[in-house]
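Numbering (this note's numbering), first residue to last: 25 to 301.
Note that CB positions come from ideal geometry on N, CA and C, so glycine has one too.
This structure is a prediction, so every number in the text was calculated from the model and none was measured.
To start, the structure itself, in structure tokens.
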Ligand SMILES: Nc1ncnc2c1ncn2[C@@H]1O[C@H](COP(=O)(O)OP(=O)(O)OP(=O)(O)O)[C@@H](O)[C@H]1O
Ligand SMILES: [Mg+2]
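Here it is as structure tokens:
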């Protein structure tokens, strides 16, 4: 795109452009108002059924937000919209003040700093724990070029710090396929973190974990809050209670209640549709 003088337009000159001529520049998320994610009046319909019905919520930079609600409430669909997997029928989704996520595709949204953890772990089973983190650090290169790429000492340090954080130092040379379910989940979270995401979306991260693994995951999430913004969807209420700051309750595609764990636990509407059952 050029202007009348044949010079590139500002957008193109300053950053990478997408097919929509929208700037995708990492590290420029404007959180000057303290808010990192705005979801406003978002609706999604599947064959006339409203999975999200004018959903609105905002997240502050660095917060740890838990999202709960009955099956079919729209929790996963909300994550699908934020990550560009599902396009909303209406409404807006902004990262910071300026980045309109509804104009970006999944790949661009991941690159700009929103990481997502699906329920099932997806690690490279035939590679070691170390290699998995290494591959994640060079996610935009191919598998072969990143495995033969010599690591700098800084990169090596970063991997070792991550191993300690996700408690897998002892398993550094273990093939990922041999890890327990919980360890695979931590490894995948570590792989997401290697990309330094601003926002991390975690869908039912402790499902299938042992009690001890669940407790360790709570510690991990608490240690990540502040450095990253975390959105945790979970049905395990004991786990939610152990990490919760603000809890958002979704029901029928919209926010039913929001507050501290105690506030939502004692909310008559929440008890009726979810916690009381
Ligand atoms: N691709 C799709 N096509 C049709 N219907 C869908 C699709 N994805 C979700 N739905 C429907 O939208 C509603 C919301 O689903 P969603 O998966 O977001 O719920 P959820 O809150 O994540 O539930 P759960 O706690 O069971 O994971 C459900 O009724 C679901 O059947
Ligand atoms: Mg779900």
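Residues that DSSP places opposite residue i in a beta bridge
| i | result |
| --- | --- |
| residue 298 | None; residue 298 has no bridge partner. |
| residue 73 | 70 |
| residue 276 | Partner(s): none; residue 276 has no beta bridge. |
| residue 282 | 272 |
| residue 302 | Residue numbering for the chain in the displayed model covers 25 to 301; residue 302 lies beyond these limits and cannot be assessed. |
| residue 290 | DSSP, once it has assigned bridges, lists no residue as partnering residue 290. |
| residue 191 | According to DSSP, which records beta bridges pairwise, residue 191 is partnered with nothing at all. |
| residue 140 | 225 |
Nearest-angstrom Cα separation, counted from residue j out to residue i
| i | j | result |
| --- | --- | --- |
| residue 74 | residue 82 | 21 Å |
| residue 40 | residue 129 | A caution first: residue 40 carries a pLDDT of 41, below 50, which makes its placement in the model unreliable, though a value can still be read off. So the alpha carbons of these two residues sit roughly 14 Å apart. |
| residue 31 | residue 52 | The predicted model places residue 31 with a pLDDT of 34, which falls under 50 and marks its position as unreliable; any figure quoted below should be read in that light. One C-alpha to the other measures close to 24 Å. |
| residue 121 | residue 199 | 42 Å |
| residue 114 | residue 62 | 14 Å |
| residue 188 | residue 179 | 14 Å |
| residue 221 | residue 291 | 34 Å |
| residue 112 | residue 98 | 12 Å |
| residue 194 | residue 203 | 11 Å |
| residue 233 | residue 177 | 34 Å |
| residue 281 | residue 173 | 49 Å |
| residue 131 | residue 175 | 25 Å |
| residue 155 | residue 212 | 12 Å |
| residue 150 | residue 161 | 17 Å |
| residue 284 | residue 239 | 20 Å |
| residue 79 | residue 116 | 10 Å |
| residue 133 | residue 118 | 11 Å |
| residue 255 | residue 264 | 11 Å |
| residue 145 | residue 181 | 25 Å |
| residue 45 | residue 71 | For residue 45, the predicted structure reports a pLDDT of 40, less than 50, and the residue's modelled location is therefore unreliable. The matter cannot be settled from this model. |
| residue 60 | residue 300 | 33 Å |
Check whether residue i and residue j have beta carbons under 8 Å apart
| i | j | result |
| --- | --- | --- |
| residue 191 | residue 210 | yes |
| residue 237 | residue 201 | no |
| residue 153 | residue 196 | yes |
| residue 277 | residue 77 | yes |
| residue 253 | residue 297 | no |
| residue 262 | residue 229 | no |
| residue 159 | residue 183 | no |
Expected contact under 8 Å - CB spacing of residue i and residue j to nearest Å
| i | j | result |
| --- | --- | --- |
| residue 103 | residue 244 | That pair is no contact at about 19 Å. |
| residue 288 | residue 294 | 5 Å |
| residue 227 | residue 100 | 6 Å |
| residue 55 | residue 85 | 4 Å |
| residue 231 | residue 267 | Residue 231 to residue 267, Cβ: 15 Å. No contact. |
Short CB-CB distance (under 8 Å) between residue i and chain B
| i | result |
| --- | --- |
| residue 215 | Among the chains of the structure shown, chain B does not appear; only one protein chain is present. |
Counting Cβ pairs closer than 8 Å, one from the stretch 243-254 and one from the stretch 62-69, do we hit at least three? no
Would you call the stretch 131-142 and the stretch 99-114 touching, i.e. three or more CB-CB distances under 8 Å? yes
Would you call the stretch 207-227 and the stretch 139-155 in contact, with 3 or more CB pairs under 8 Å? Put simply, the stretch 207-227 touches the stretch 139-155. At least three CB pairs are less than 8 Å apart.
The stretch 263-272 contacting the stretch 84-91, beta-carbon criterion three pairs below 8 Å: yes
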